[in-house]
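Engineer: Numbering (this note's numbering) for the sequence shown: 12 to 138. Below is one structure. I have some questions about it.
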Amino acid sequence: PVSGAISSLAVGDLEARVAALEAKLGVDGALPFPDLCSGLAAVTDKVKLLDQKKLEQIHARLRTLVPEVRKLRDATGSQHSKEVVELYNICQTWDAAAEALPAVLERLRCLKNIHQAAAGFSERLTA
């Protein structure tokens, strides 16, 4: 009981000193942990996750996943480049039509005027 009281006093003193340092440094208290003990516990838990056996398992899994990801990237990349080439070819066929479009529009406007004049002429003949 006495050693627990001493350690809690030491922790309290340490927290007060850290708070004083934070105030001097201009830290606004927006820390990811409410106090030093909970922060230390969280960091300890994360460090425990990094034991050698788990790291080896992760490394082995990554070795099997990396080639698969590369194959998928290459497959989708080649498919995308095929699609890009196809779209480029379609655009090339429409370039000629796009160049002729202003002349076609002008011709259609002229024909519209001629048709309107012809409609008026046929009405005058029947009247």
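Heads up, the beta-carbon is just placed ideally off N, CA and C, and yes, glycines get one too.
Report yes or no: do the region 41-60 and the region 22-31 share at least 3 C-beta pairs separated by less than 8 angstroms?
Structural biologist: Result yes; three or more Cβ-Cβ pairs closer than 8 angstroms.
Engineer: By the three-class DSSP mapping on this structure, what secondary structure does ASP56 have?
Structural biologist: In this structure, ASP56 counts as helix in the three-state DSSP scheme.
Engineer: Could you have a look at PHE132 and say whether DSSP puts it in helix, strand or coil?
Structural biologist: DSSP places PHE132 in helix when its eight states are reduced to three.
Engineer: What does the alpha-carbon distance come out to for the pair LEU76 and LEU83?
Structural biologist: Distance between the alpha carbons of LEU76 and LEU83: 11 angstroms.
Engineer: Hey, how far is the Cα of ALA108 from the Cα of ARG135?
Structural biologist: Roughly 39 angstroms between the two C-alpha positions.
Engineer: Once you ignore the five residues that flank PRO12 on each side, which residues in its own chain have a CB closer than 8 angstroms to its CB?
Structural biologist: Any reading at PRO12 must be qualified, since the residue scores a pLDDT of 49, below 50, and its modelled position is unreliable; the value itself is stated next. Closer than 8 angstroms at Cβ, skipping near neighbours: no residue.
Engineer: Taking only the alpha-carbon atoms, compute the straight-line gap between VAL29 and LYS57 and give it to the nearest angstrom.
Structural biologist: Each residue's alpha carbon lies about 22 angstroms from the other.
Engineer: Alpha carbon to alpha carbon, what distance is there between ALA111 and LEU122?
Structural biologist: Rounded to whole angstroms, LEU122 to ALA111 spans 17 angstroms at the Cα level.
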